[in-house]
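Peer 1:
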Amino acid sequence: MKSDVITSFKIREVEFKNRVFVASGTFGYGNEINELVDINQLGGIFTKSLSLKPRKGNPPQRIVETASGMLNTIGLANIGVHSFVKEKLPDLKNYKTHIITNIAASSKEEFCEVVKILENYSGIAGYEINVSCPNVKEGGINFGTNSKMTAEIVSKLRKLTERPLIIKLTPNTTHISEIARAIEDSGADAVSVINTLIGMAIDIKTRKPKLSTVTGGLSGPAIKPVALAKVYEVAKAVKIPIFGIGGISNTNDAIEFLLAGATAIQVGTMNFVDPNISVNIVNGFKRYAVENGISDIGELVGALNADVKYSVLQSWL
Amino acid sequence: MKSDVITSFKIREVEFKNRVFVASGTFGYGNEINELVDINQLGGIFTKSLSLKPRKGNPPQRIVETASGMLNTIGLANIGVHSFVKEKLPDLKNYKTHIITNIAASSKEEFCEVVKILENYSGIAGYEINVSCPNVKEGGINFGTNSKMTAEIVSKLRKLTERPLIIKLTPNTTHISEIARAIEDSGADAVSVINTLIGMAIDIKTRKPKLSTVTGGLSGPAIKPVALAKVYEVAKAVKIPIFGIGGISNTNDAIEFLLAGATAIQVGTMNFVDPNISVNIVNGFKRYAVENGISDIGELVGALNADVKYSVLQSWL
Amino acid sequence: MIQQVCEVQSCQEVAEKIFRLRFYSEEISNSVKPGQFVNILASENGVGPLLRRPFSVSRIVDNSLDILFHAVGVGTTILSRKRKGDNIDVLGPLGNSFKIDGDYETAIIVAGGIGVAPFPFLSTELIKKGKTIYTLLGFRSSNFKYSSYLKNTQIATDDGSEGFKGNVIQLLEKFFENNKGIKSAKIFACGPTVMLKSLAKHACEKNICCEISLEGQMACGVGICQGCPVEKNNVDMDYALVCKDGPIFLADQIKL
Amino acid sequence: MIQQVCEVQSCQEVAEKIFRLRFYSEEISNSVKPGQFVNILASENGVGPLLRRPFSVSRIVDNSLDILFHAVGVGTTILSRKRKGDNIDVLGPLGNSFKIDGDYETAIIVAGGIGVAPFPFLSTELIKKGKTIYTLLGFRSSNFKYSSYLKNTQIATDDGSEGFKGNVIQLLEKFFENNKGIKSAKIFACGPTVMLKSLAKHACEKNICCEISLEGQMACGVGICQGCPVEKNNVDMDYALVCKDGPIFLADQIKL
Ligand SMILES: Cc1cc2nc3c(=O)[nH]c(=O)nc-3n(C[C@H](O)[C@H](O)[C@H](O)COP(=O)(O)OP(=O)(O)OC[C@H]3O[C@@H](n4cnc5c(N)ncnc54)[C@H](O)[C@@H]3O)c2cc1C
Ligand SMILES: Cc1cc2nc3c(=O)[nH]c(=O)nc-3n(C[C@H](O)[C@H](O)[C@H](O)COP(=O)(O)OP(=O)(O)OC[C@H]3O[C@@H](n4cnc5c(N)ncnc54)[C@H](O)[C@@H]3O)c2cc1C
Ligand SMILES: Cc1cc2nc3c(=O)[nH]c(=O)nc-3n(C[C@H](O)[C@H](O)[C@H](O)COP(=O)(O)O)c2cc1C
Ligand SMILES: Cc1cc2nc3c(=O)[nH]c(=O)nc-3n(C[C@H](O)[C@H](O)[C@H](O)COP(=O)(O)O)c2cc1C
Ligand code: FES
Ligand code: FES
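Residue numbers (my numbering), protein chains in the order written: chain A, 10 to 326; chain B, 10 to 326; chain C, 18 to 273; chain D, 18 to 273.
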């Protein structure tokens, strides 16, 4: 669709051509399914989480379907940062979209090492830091539930790179806005909201958990209302851009996230259902803008018309 | 169905004839739909949250359907404890099931006052304390996200009653097990897990939140995986009985909750879809027991066969 | 009030995207009153929308009930595909009903769009009571028109494709001009909120008793969830429940 | 690999709860190889299960593909109700394929239950290559039997209602006893994990090359989610992906 609608936005020096991205772990390293999807249409691609060393991931069963959602326990299976830059990055440079490498690690030092390695390569638009990982050195507590630990990671990484630094937050915490503020103060350029919710399913025949690791991450349309509330909460707390994520399955869902305060959105689980959903949303945004006389999609960001009386987020009953 | 299966269990001096209950706010005060459901079949009924004074509740729109779930912002609309004991309780005594009054309040003192009033009446089997309420006196922070505040409420109420004291926990917190331990230590007899998740939905035409209060509580099958993980987490942290709640829509779901560690279950949202689901589960439990050679449904409680290696709950990716 | 799995006897498209579905229920058809509704599960084995969908009872034929609905979303689309012999899970009859008795002579029915649904049933009962009926219906366009089983019908369409060009409230104004002789009338109405609002004002000015049927988001449909409030026009501004205290209200009783 | 909305040409119940659905796709039918699968969306407009459902391609007829499936749950039940003219959203062809070439003379097909699905297609291709085929099929009971478009078929049923009474592995043992002369054979198999496990042991003992088709929970079906691992039999014990490295594996390559 040809139109004069402005779709682009910038983070630091990087200009993204539109506000539609694919989420980490739901699109491989970026070019695996380019037979199915024209990835040149996308604002950008968040890669599967990369760790310093390759990880084989968790034992099967890694996936369970749930009501309007799914649980996964992939266990950060990935080829490692070294193989990524050698085997994947060269080809990814051929596409007219931005690659943001998502990084997972089990210590602050590991996060730094991975970024240092990636800094040596061109073709990477920025970093998304997956802090929904256990901090192995400090008793396995999840980085992302602790604002001090998260802020420390951000401060350290900030010194290493001028590229956009995007921190991906976990929803499994009481006050996501506290964490968001801490990372904004430490120099992060943007936040991604949300990663998966902790969930579980049991096989009543065997009386065993369905997932090999007992619990796993819940994603998909089921979590959309939770994700939207978290984006709204974070948007009220920080000024840096937000990537809204969680259960987005069509243009209307995506617009809800923009209105709640997301600067851009990421499509996750629904890539598995329909690989072209993200491209459809790119076009859907333009169509919506034309139909509603909007000249820049950015006008929608945070344009929610909400009663300030209800500024404390509650699960009213 | 006639069978020799033991279905009952006890909390303090109260014997419940089975492990299937209806959840607060999803079954009125108990006898409103007895034309549709034989409530004598139930282990018990948790009433709509009662407050000291009647509450008219939040403005419309109070309800939104979401993918496999719903959001609500009823705003604790209820007739107040005085009308309850006068208008509802006398008739409720005619049924062969237990009435547990759920209580909501905006201060510690209000919780105590309501319990003091109810202590004067027979026909009440116990109290369920809804701590997913903002503490108006302390800046509106939700009681249920703070273990100190929650523990204080329990200690105070414990002095007022010998009836079972069941604390209903919110999932909107990082470490639900901490709160559970705090209330166990303060003398609670049981916990109910979980109340609704904070969620939100937006009308993209009007650009307004669909709920009058912007955010509301997410319930229904969508949240079942989250609820199950929370029950499992709490079961590993405390010894007191757990009422498992969240998206239960059939016998299999209910059995999952028992295996994860729930002593009994509550059916919530699905009462709206099929008022007889709870009675069906009562029969379903018996059938399952007979088919699997189980003599006491209690054998299923916590009978999950899980690898201890994965004892830290994670949303693995 | 009962919950029952009922057999569908027919389902036809009677106007553009407007369907009439007939199902069998001796119990419900024998106890239901005009204005009451049924709450239907549009899903099967968990496939389909979670919550039941409310529909006014449109007509009673022997021991069966008709609902008339507009296929606007997931639930109504699923229902529109039901065929003779399929089963649907129905809860009903629910809510209060139109007050037919009273010493008015003329019943003026005013409906906008699919708001016409409850009036075939109401008309039958009004006729039994010997009331004179005038029926004013408004539609966006003639292809959405449904006017069967109604008495003395006048049509308004927004686009003028049939009858009066304009909305049903304008048609009502014209009707009053042309029928100055009418006394002791009562209005029964159903339709979009904007229409009801404007109607309520007219009825109040003319001092005509006006009963309206409200729609609104529902979860349980039986008064246990408190999910369907409508603000009352009293000093306390407290709420009535559409599913239990309604869906029929006196127009001046509530804040539209 | 393409994503395509395809027209259903027929859907029939060919044995108890076993359905054969045929859909049209020039592109997929022309590129698919035996053993590959398609990933089908069983829902419409968000009504139905979230994830796609994988099915082996069972047969190619002109420019159409057959899938053969057991209606076990929500998705397969929805698919079983598809009728001529309905549309389904298909992703395929996916995965690797059976290795037909090689200097073996005899192909022994071993299938348990719905594991028979990929073999009509495989048989056609084996015949083209001039291989001799023996087909051993096991079913719980004769009413679940499907044995069309296969060559030299022998049946085992658990309840003895047809053919050999016992499981298909016992039938295979008997087959080997009766056919001691067979040399340079290759086994192609699909079925429940217990069956494949026991088969792998036999094949190893007899030193016969054995290719098996695996099932397993999938999300994407195209190798991007890492959701379908199977443990390899190598020293690292790392994982292969059923959807991309499989679904066809050498029996001794993986830990069943
Ligand atoms: C007491 C009562 C009686 C009703 N009687 C009839 C009737 O006789 N015929 C008829 O066609 N409809 C009637 N309705 C409205 C009908 O219930 C809705 O159209 C239906 O629930 C939509 O379901 P869906 O799954 O198709 O739409 P959804 O996919 O849920 O929604 C599609 C669109 O319809 C809107 N919508 C959803 N629910 C309602 C609702 N309850 N009221 C208004 N808009 C809604 C949504 O906001 C959305 O824009 C009645 C509603 C009530 C409360
Ligand atoms: C590569 C591959 C090829 C396949 N080919 C065929 C085929 O040709 N014919 C056929 O009938 N089936 C085949 N299957 C299995 C088929 O995909 C499942 O039966 C189907 O997904 C079940 O969907 P459902 O919604 O009906 O069941 P659900 O409601 O999802 O589940 C019903 C029951 O089936 C089980 N189940 C769900 N998914 C699978 C699965 N992937 N494998 C095994 N059990 C499962 C569940 O645990 C549950 O007990 C194949 C699977 C794979 C991975
Ligand atoms: C199978 C799967 C794998 C994922 N892997 C990662 C990952 O490696 N790193 C990460 O930060 N998020 C990962 N995620 C989380 C998603 O990026 C996204 O935050 C989450 O799924 C919520 O969005 P959705 O509901 O649209 O899927 C994964 C999600 C799924 C379903
Ligand atoms: C409409 C509605 C009203 C509710 N009201 C209350 C309430 O007053 N007090 C309370 O403790 N929980 C209330 N709940 C929460 C339920 O009791 C239950 O904890 C929650 O809905 C999760 O269970 P479910 O998924 O089975 O519905 C309410 C839930 C709903 C849907
Ligand atoms: S819909 Fe539940 S009270 Fe009206
Ligand atoms: S199903 Fe996604 S990688 Fe195999």
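Every residue, glycine too, gets a C-beta built ideally from N, C-alpha and C.
Just so it is clear, the structure is predicted and the values come from calculations on it, not from any experiment.
Would you say the stretch 45-64 of chain D touches the stretch 74-85 of chain D, given that touching needs at least three Cβ pairs under 8 angstroms?
Peer 2: yes
Peer 1: Out of curiosity, what's the CA-to-CA distance linking residue 274 of chain C and residue 133 of chain C?
Peer 2: This structure does not reach residue 274 of chain C, given that chain C is present from 18 up to 273, and the question cannot be answered.
Peer 1: Does the beta carbon of residue 91 of chain D sit closer than 7 angstroms to a beta carbon anywhere in chain C?
Peer 2: Translated into the one-based positions of the fourth sequence, residue 91 of chain D becomes position 74. Closer than 7 angstroms to some Cβ of chain C, the Cβ of residue 91 of chain D qualifies, so yes.
Peer 1: Taking only heavy atoms of ligand 6 into account, decide whether any of them is closer than 6 angstroms to the Cβ of residue 76 of chain A.
Peer 2: Here residue 76 of chain A refers to the residue found at position 67 of the first sequence. No; taking the cut-off as 6 angstroms, the Cβ of residue 76 of chain A has no heavy atom of ligand 6 nearer than that.
Peer 1: Cα separation between residue 273 of chain C and residue 210 of chain C?
Peer 2: Sequence index remark: in the third sequence, residue 273 of chain C carries index 256 (1-based). Sequence index remark: in the third sequence, residue 210 of chain C carries index 193 (1-based). About 7 angstroms.
Peer 1: What alpha helix (DSSP H) runs, 4 residues minimum, are completely inside the stretch 115-169 of chain D?
Peer 2: 136-145
Peer 1: Which term fits residue 254 of chain D, buried or exposed, when burial requires 16 or more other beta carbons within 10 angstroms of its beta carbon?
Peer 2: Within the fourth sequence, the letter at position 237 stands for residue 254 of chain D. Exposed is the call here.
Peer 1: Are the C-beta of residue 229 of chain B and some C-beta of chain C separated by less than 7 angstroms?
Peer 2: Along the second sequence, one-based indexing puts residue 229 of chain B at 220. Yes - at least one Cβ of chain C is within 7 angstroms of the one on residue 229 of chain B.
Peer 1: So that I know if they touch, is there some Cβ in chain C lying closer than 7 angstroms to that of residue 86 of chain B?
Peer 2: Translated into positions along the second sequence, residue 86 of chain B becomes position 77. At least one chain C Cβ lies under 7 angstroms of residue 86 of chain B.
Peer 1: Does the distance between the C-beta of residue 29 of chain D and the nearest non-hydrogen atom of ligand 6 fall short of 6 angstroms?
Peer 2: Start at 1 with the first residue of the fourth sequence, and residue 29 of chain D comes out as number 12. Because no heavy atom of ligand 6 lies under 6 angstroms away, the Cβ of residue 29 of chain D does not count as near it: no.
Peer 1: Residue 281 of chain B CB to nearest chain C CB: under 7 angstroms?
Peer 2: Taking the second sequence and counting its residues from 1, the one referred to as residue 281 of chain B is at position 272. So yes, residue 281 of chain B belongs to the interface.
Peer 1: What does a CB cutoff of less than 8 angstroms around residue 18 of chain D pick up in its chain, not counting 5 residues either side in sequence?
Peer 2: In the fourth sequence, the residue the question calls residue 18 of chain D occupies position 1. Excluding five sequence positions before and after residue 18 of chain D, the CB atoms of its chain that fall closer than 8 angstroms to its own CB belong to 108, 109, 110, 111, 239, given in chain order.
Peer 1: May I ask which residues mark the beginning and end of the beta strand (DSSP E) holding residue 110 of chain C?
Peer 2: Numbered from 1 along the third sequence, position 93 holds the residue referred to as residue 110 of chain C. First-last of the beta strand (DSSP E) with residue 110 of chain C: 104-111.
Peer 1: Using a Cβ cut-off of 8 angstroms, pull out every chain B residue sitting near residue 213 of chain C, in sequence order please.
Peer 2: In the third sequence, counting from the first residue as 1, residue 213 of chain C sits at position 196. In chain order: nothing, as chain B lies at least about 15 angstroms away.
Peer 1: Determine the extent of the alpha helix (DSSP H) in which residue 47 of chain C is found, giving its start and end residues.
Peer 2: Against the third sequence, residue 47 of chain C aligns to sequence position 30. 43-48 is the span of the alpha helix (DSSP H), which, as asked, contains residue 47 of chain C.
Peer 1: Taking only beta-carbon atoms, is residue 157 of chain B less than 7 angstroms away from chain A?
Peer 2: In the second sequence, residue 157 of chain B corresponds to position 148, counting from 1. It does not: the Cβ of residue 157 of chain B has no partner Cβ on chain A nearer than 7 angstroms.
Peer 1: One question on the structure: do residue 66 of chain A and residue 30 of chain A come within less than 7 angstroms of each other, judged by their Cβ atoms?
Peer 2: Locating residue 66 of chain A in the first sequence gives position 57, where the first residue counts as 1. Locating residue 30 of chain A in the first sequence gives position 21, where the first residue counts as 1. Result no, Cβ atoms of residue 66 of chain A and residue 30 of chain A do not sit closer than 7 angstroms.
Peer 1: Rank B:217, B:205, B:246 by C-alpha distance to the C-alpha of residue 232 of chain A and give the top, closest one.
Peer 2: Position 223 of the first sequence holds residue 232 of chain A. Ranking B:217, B:205, B:246 by Cα distance to residue 232 of chain A puts B:205 first.
Peer 1: Could you tell me which residues DSSP pairs with residue 53 of chain C in its beta bridges?
Peer 2: Translated into the one-based positions of the third sequence, residue 53 of chain C becomes position 36. According to DSSP, which records beta bridges pairwise, residue 53 of chain C is partnered with nothing at all.
Peer 1: For the stretch 63-82 of chain C, enumerate the residues whose C-beta is nearer than 9 angstroms to any C-beta of chain D, in chain order.
Peer 2: Flagged, chain order: 63, 64, 65, 66.
Peer 1: For ligand 7, is there a heavy atom less than 6 angstroms away from the beta-carbon of residue 83 of chain B?
Peer 2: This structure lacks ligand 7; the ligands present are ligand 1, ligand 2, ligand 3, ligand 4, ligand 5 and ligand 6.
Peer 1: What residues of chain C sit near residue 96 of chain B, judged by a beta carbon separation below 9 angstroms?
Peer 2: By one-based count along the second sequence, residue 96 of chain B stands at place 87. The premise fails here: residue 96 of chain B is roughly 14 angstroms from chain C at the closest Cβ pair, so nothing lies under 9 angstroms.
Peer 1: Just reading off the alpha helix (DSSP H) that residue 221 of chain D is part of, what are its end residues?
Peer 2: On the fourth sequence, position 204 is the one that residue 221 of chain D refers to. From DSSP, the alpha helix (DSSP H) with residue 221 of chain D extends over 210-223.
Peer 1: How long is the line joining the alpha carbons of residue 106 of chain C and residue 161 of chain B, rounded to whole angstroms?
Peer 2: Here residue 106 of chain C refers to the residue found at position 89 of the third sequence. Here residue 161 of chain B refers to the residue found at position 152 of the second sequence. Rounded to whole angstroms, residue 106 of chain C to residue 161 of chain B spans 47 angstroms at the Cα level.
Peer 1: For residue 93 of chain D, count neighbouring C-beta atoms within 10 Å of its own C-beta (all shown protein chains included) and say buried if the count is 16 or more, exposed if not.
Peer 2: Taking the fourth sequence and counting its residues from 1, the one referred to as residue 93 of chain D is at position 76. That one is buried.
Peer 1: Label residue 53 of chain C either buried or exposed according to how many other C-beta atoms from any shown protein chain fall within 10 Å of its C-beta, with 16 as the threshold for buried.
Peer 2: As a working note, residue 53 of chain C is residue 36 in the third sequence. So residue 53 of chain C counts as buried.
Peer 1: For residue 79 of chain B, report the span of its alpha helix (DSSP H) as first-last.
Peer 2: On the second sequence, residue 79 of chain B is found 70 positions in, with the first residue counted as 1. No alpha helix (DSSP H) holds residue 79 of chain B; the beta strand (DSSP E) holding it covers 78-81.
Peer 1: The alpha helix (DSSP H) with residue 121 of chain A in it runs from where to where?
Peer 2: Taking the first residue of the first sequence as 1, we reach residue 121 of chain A at position 112. Counting along the chain, the alpha helix (DSSP H) containing residue 121 of chain A begins and ends at 117-128.
Peer 1: Is the shortest distance between the beta-carbon of residue 241 of chain D and the beta-carbons of chain A less than 7 angstroms?
Peer 2: On the fourth sequence, position 224 is the one that residue 241 of chain D refers to. So yes, residue 241 of chain D belongs to the interface.
Peer 1: Please state whether DSSP places residue 205 of chain A in a helix, a strand or coil.
Peer 2: Indexing the first sequence from 1 puts residue 205 of chain A at position 196. It is coil, neither helix nor strand.
Peer 1: By the 7 angstroms beta-carbon criterion, what residues does the stretch 252-263 of chain D contribute toward chain A?
Peer 2: Per Cβ criterion, the list reads 255, 256.
Peer 1: Is the Cβ-Cβ distance between residue 135 of chain A and residue 99 of chain A less than 7 angstroms?
Peer 2: As a first step, residue 135 of chain A is located in the first sequence; it is residue number 126 there, counting from the start. As a first step, residue 99 of chain A is located in the first sequence; it is residue number 90 there, counting from the start. Contact: no.
Peer 1: Verify the contact flag: residue 233 of chain C, CB atom, against every heavy atom of ligand 4, threshold strictly below 6 angstroms.
Peer 2: Looking up residue 233 of chain C in the third sequence gives position 216. Residue 233 of chain C: no, Cβ never under 6 angstroms from ligand 4.
Peer 1: For residue 143 of chain B, write down the residues that DSSP places opposite it in a beta bridge.
Peer 2: Here residue 143 of chain B is taken as the residue at index 134 of the second sequence, counted from 1. Paired residue(s): B:151.
Peer 1: Ordered along the chain, which non-local residues of its own chain (more than five positions away) have a Cβ less than 6 angstroms from that of residue 257 of chain C?
Peer 2: In the third sequence, counting from the first residue as 1, residue 257 of chain C sits at position 240. Contacts found: 247, 249.
Peer 1: Taking the alpha carbon of residue 58 of chain D as the point to measure from, which residue in A:127, A:280, A:196 has its own alpha carbon closest?
Peer 2: Within the fourth sequence, numbered from 1, the residue matching residue 58 of chain D stands at position 41. The candidate whose alpha carbon is nearest that of residue 58 of chain D is A:280.
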